[in-house]
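There are 2 protein chains.
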Amino acid sequence: MKPNFSLRLRVFNLNCWGIPYLSKRRGDRMKRLGDFLNLESFDLALLQEVWSEQDFQYLRQKLLPTYPSAHYFRSGIIGSGLCVFSKHPIQEFTQHVYTLNGYPYMIHHGDWFCGKAVGLLVLHLGGLVLNAYVTHLHAEYNRQKDIYLAHRVVQAWELAHFIHHTSKKADVVLLCGDLNLHPKDLGCRLLKEWTGLQDAYLETRDFKGSEEGCTMVPENCYVNRKELQPFPCGIRIDYVLYKAVSGFCISCKTLKTTTGLDPHSGSPLSDHEALMATLCVRHSPPQHNPSSTHGPAENSPLVMVLREALTELDQAVAQARWWATFAGYVIGLGLLLLAVLCTLAAGGGVREVAILLWTPSVGLLLGAGAVYTFHMQEAKGLCKARAELQHVLGRARETQDLGPESQPALFLGHQEGSRAEDQ
Amino acid sequence: MKPNFSLRLRVFNLNCWGIPYLSKRRGDRMKRLGDFLNLESFDLALLQEVWSEQDFQYLRQKLLPTYPSAHYFRSGIIGSGLCVFSKHPIQEFTQHVYTLNGYPYMIHHGDWFCGKAVGLLVLHLGGLVLNAYVTHLHAEYNRQKDIYLAHRVVQAWELAHFIHHTSKKADVVLLCGDLNLHPKDLGCRLLKEWTGLQDAYLETRDFKGSEEGCTMVPENCYVNRKELQPFPCGIRIDYVLYKAVSGFCISCKTLKTTTGLDPHSGSPLSDHEALMATLCVRHSPPQHNPSSTHGPAENSPLVMVLREALTELDQAVAQARWWATFAGYVIGLGLLLLAVLCTLAAGGGVREVAILLWTPSVGLLLGAGAVYTFHMQEAKGLCKARAELQHVLGRARETQDLGPESQPALFLGHQEGSRAEDQ
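Chains A and B, in that order, give the protein sequences. Position in the first sequence (first residue = 1) + 12 = this note's numbering. Position in the second sequence (first residue = 1) + 12 = this note's numbering.
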C-alpha cells in the first residue's frame, strides 16, 4: 500500500420498517429506496428490518448493476431483517445471533421470533481490510419501565465482544445499525468504551439533517407522535460508528440524515431516518490507542460502565431466577392437581368434572414448564455475559495494581488497538 | 520474540460423561480426574460433558493451585458442558452457540436442551498468541439412519467459520473436543479442509494408547458394547487438532490416550478416552500456506467437500420445509376442527363430546404451531449455512477462472494462512 493511501467511503444506513402486511406503503417505499440507492451509488448500503426475503430479492435485482454484491443475514424464525448491498466484492461474511432477545410470550412485541443479530462483512478495498458490521438490537417499548433493558445491555456487550474478536486483523471497523439505544444509554456507552468506536454524528464537522441528529423524528408521518412526546426533537437511535487501527486514521467528512421526508419525492422512505456518511481513511504514523491510557484506572469510563452493566445484570439474573422458581412452584402445583384429578376420575362421583379439568391442568403444567425452561435459559445467558464482564473488569484492575508500565502488556489485549503490538 | 523461540505445550482433553443422576460413579470419577490433572500438571485441560456447574466448581477448587485460570462456558438450558483449566492466565474468552442442535421433541436424546457450543480462550505464552478452542458436537445415535447428520455438518461448518473469523491474529490455533465425527466423515473433512487444522493422531511419530487412536473402546466398562459392535477396535471421535500460521511451526511430539482404564487406579475416568498431547511450537521462516496451492481447483479436496456438504444441506432444507408444510396443514385441520366443535357445542346435542374434544384440539393446534415454528427456524439455519458454503465455493471457482496467479489475492482471504500477507 502506498504511504499516501487515501480512501473515500460513502455509506448508507436505514431501518426500512419492512413488516409484511403491517408496515404502510411497504412496496412503494422499497421501490423508492431502490431508486434512491441506484441514483446515489454508495459504496455500502446497510439495511435493517427487511423482514421479507422477497423484499431483499426485489432490491437485489433492482440494485444489481450498481451494487453487484449483496447478502441477507438469515436467523431465528422470522429472520434478522439485516441485509447489505455493496459496490465492492464481499470477501467474507458471518453473523452472531444474540443470546437474549426478549420473551417468547410477548408475542405482540415479536422481537423474540426475529433472531436479532449482528452481521459482519469483510471487504478488501485497495489493500485495506474493512470489517463492516450491521445490527439491530431489541426495541424499547416503554422507556419508563423497560423490561428489556438487561437484554439490550447483553446484546450491546455481545456486539462489542463480537467486534473485538473478529476485527483483530481489520484496518478499519465500521458499525451501522439501529441500536435502539439513546447516545447516553448504558448499552451505547458500554459498546463505545469497550470497542473504541467513534460516533460519526459527534465527530463530523459537516452535518446536515434533523435536529440533534435524530433518526426518529415527529415530522415523519409514519412515526407514532404520542410515543415521541417526551422528546420534542425526536430520538437518535440509529448510528454510524467507526474506528481505524494504528497505521490508519479515519474521519467523517460529511454526515446527512433524511428529515422525515424522502430526499426526492417528499414522502418518507421509512419510519426511521436514513444516515448517509462520507468517511475518509488515510495512512497515519502508528500510535498507541488513546483508550488504553485511561483504560485500567478504577474511575475510568470503561471500568465505570462495566460496573454499571454488572449491577444491571445482577438484578436481571435475580429476576430471571425468581421467574424460574415461580414456574417451578406452578409445576409442582400442576402435578398435585393432576394427581388429585386422576384419583377423583377413578373414584367416580365427580368424574366428569375431573375429566374436564384434566386437560387444562396438563396445559398449565406444560405452560409452566416452558416458562421455567425459558427463564433458566435466560439466567444462563445473563450469567455468561456477567462472567465475561467480570473477567474484563478483573483484568482492568489487575493492570491497575501492576502499575501503568504493565498496561500495554496486560490490557491492550482487550483493546481493539491491539494491532499496534505488531506494527 | 527471540528467533530461537520454542514452546512445549502439554494438553489434556476428555469428554467427562458427567450427567447428573445418570452417569455412573460421577463423583468418584470427578475426584480421580482432579487428582490426575493435579499430578500431571498440563498446560491446558479442556473438558466436555461437565454438565453440572457444581462439578466444575468442585474441580476449580481442587485444581486451583495447579491451574489458577479456569472458565465454564454457559449456554442453552442445561449448558454447553464445556470447561477449561489453564496453568497460564486466560487473556480473553468467548463462545459461539451452534444454530442447529437437534430437535426439542427428541427429549430422550436431550442435545437440543444443551446449547452445544464452541468455546475460545486466548492465551499469551511468551509473546505467542494461542487461540485454544474446545467443542462438543451433536451426538450420533444411529449411524445407519442418522437424522442429525445435516445438523452436525452445519455445526462442523460453523466451528470452522468461527475459528476462521476469530483466529486471524493468532500465532497458533488448537482445537480439542468431542466432534462425534469419525475421521472420514463429511463434517470432519469439511472442518480440516477449510481451517487447515492438522490431526495430532495422524501427525505424531510417538503415539501410545488404544488401537487406531480410538477414543471410545470396548474395553471401557462404561461403554455400551452393543453400540460398538460394528467397530471392533472402537471409534475415534475425540480430537486434538492444531496449526500454526506462517512464521511458526507446530508439531505433535507425543500423543497418548487412556485405554479404557484409569492411568493410575485401573478404573476409567469416563466412557470416552482421554487424549494427552505434547505439542512443540517453534519459529520458522515465513512460507505460503500449502492449502492455497490446491484450494481453488475444481477437484481439490476443499471444493469437493464443499460440494458434498451443499448436497447434504439441500436435502436437509427440503426435509425441514416438508415438515413445516406438514405442520402447516395440521394447523389448518386443527382450526377447522375447532370451528366445527364450537358450532356443535353451541347447537346442543353432542355438546359434552364437543367440550371434551375442544382442549385436545387446542393442544393439537399449539403442538403443530411449535413444530411449524421449529422447522421454519431449522430451514433458516440450514439456508444460512448453505449461503456461506456457496459463497466460499463461488470464491474458489472465481479464483480458478482467473488463473493461478490471482489465487493469493482472491483466495487466501478465506484461508487461515492469510496472516502470511502481512508477515
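Beta carbons are placed, not taken as given, at the ideal position from N, Cα and C, and that holds for glycine.
Less than 7 Å between the CB of residue i and some heavy atom of the ligand ADP, yes or no?
i        : result
HIS284/A : In the structure on display, the ligand ADP does not appear, and there are no ligands present to speak of.
Taking the Cβ atom as the reference point for each residue, do residue i and residue j lie within a distance shorter than 8 Å?
i        : j        : result
ASN192/A : ALA151/A : yes
ILE90/B  : PHE48/B  : no
GLU400/B : HIS108/B : no
ALA182/A : VAL293/A : no
GLN233/B : GLY246/B : At residue 233/B the sequence reads Cys, which differs from the Gln that was named. Going by C-beta atoms, CYS233/B is not nearer than 8 Å to GLY246/B.
ARG398/A : VAL317/A : no
LEU291/A : LYS255/A : no
ALA129/B : SER92/B  : yes
ARG86/B  : LYS396/A : yes
PRO372/A : THR371/B : yes
PRO280/A : LEU287/A : no
ARG248/B : GLU224/B : yes
VAL96/A  : GLY39/A  : no
ALA144/A : LEU171/A : no
SER179/B : GLU215/B : no
LEU240/A : ASP211/A : no
GLY344/A : LEU376/A : no
Could you check what DSSP says for residue i in three-state terms: helix, strand or coil?
i        : result
CYS226/B : coil
ILE343/B : helix
GLN210/B : strand
VAL165/B : helix
TRP63/A  : coil
THR147/B : strand
ASN27/A  : strand
SER81/A  : strand
ASP123/A : helix
GLU215/A : helix
LEU353/B : helix
LYS396/A : helix
ASP158/A : coil
ASP262/B : Per the sequence presented here, residue 262/B reads as Ile, with Asp not at that position. ILE262/B falls in the strand class under three-state DSSP.
ASP283/A : coil
SER35/B  : coil
PHE118/A : Checking the displayed sequence, the identity of residue 118/A turns out to be Met instead of Phe. Residue state, collapsed to three classes: coil.
SER373/A : helix
Taking C-beta pairs closer than 9 Å, name the residues in chain A that residue i reaches, listed in chain order.
i        : result
PHE338/B : What PHE338/B touches in chain A: nothing, since even the nearest Cβ is about 17 Å away.
HIS403/B : HIS83, ILE102, GLU104 and PHE105
Examine chain B for any beta-carbon lying closer than 8 Å to the beta-carbon of residue i, and answer yes or no.
i        : result
GLN389/A : yes
ARG37/A  : no
ILE89/A  : yes
PHE7/A   : The structure shown does not extend to residue 7/A, since chain A is modelled only from 13 to 435, so the question has no answer here.
THR147/A : no
THR385/A : yes
GLY307/A : Annotation note: pLDDT 43 at GLY307/A (below 50); position unreliable, coordinate value reported separately. No, its Cβ sits nowhere closer than 8 Å to a Cβ of chain B.
HIS173/A : yes
CYS28/A  : no
Whose Cβ in chain B lies nearer than 8 Å to the Cβ of residue i?
i      : result
ARG3/A : With chain A represented from 13 up to 435, any question about residue 3/A goes unanswered, as that position is not in the structure.
Could you tell me which residues DSSP puts in a beta bridge with residue i?
i        : result
ALA289/B : VAL23/B and LEU267/B
SER18/B  : ARG294/B
ALA129/B : VAL109/B
SER98/A  : LEU56/A and SER81/A
LEU140/B : LEU137/B
ALA256/A : VAL184/A
GLU104/B : VAL134/B
ILE247/A : MET228/A
GLY189/B : THR147/B and TYR251/B
LYS220/B : LYS268/B
Residue i CB to nearest chain A CB: under 8 Å?
i        : result
HIS177/B : yes
Since residue i meets chain B, which of its residues come closer than 7 Å, beta carbon to beta carbon?
i        : result
LYS181/A : LYS180 and LYS181
HIS121/A : Within 7 Å Cβ-Cβ: nothing; HIS121/A doesn't reach chain B, min ~16 Å.
Residues of chain B with a CB under 9 Å from the CB of residue i: which are they?
i        : result
THR371/A : LEU368, TRP370, THR371, PRO372, VAL374 and GLY375
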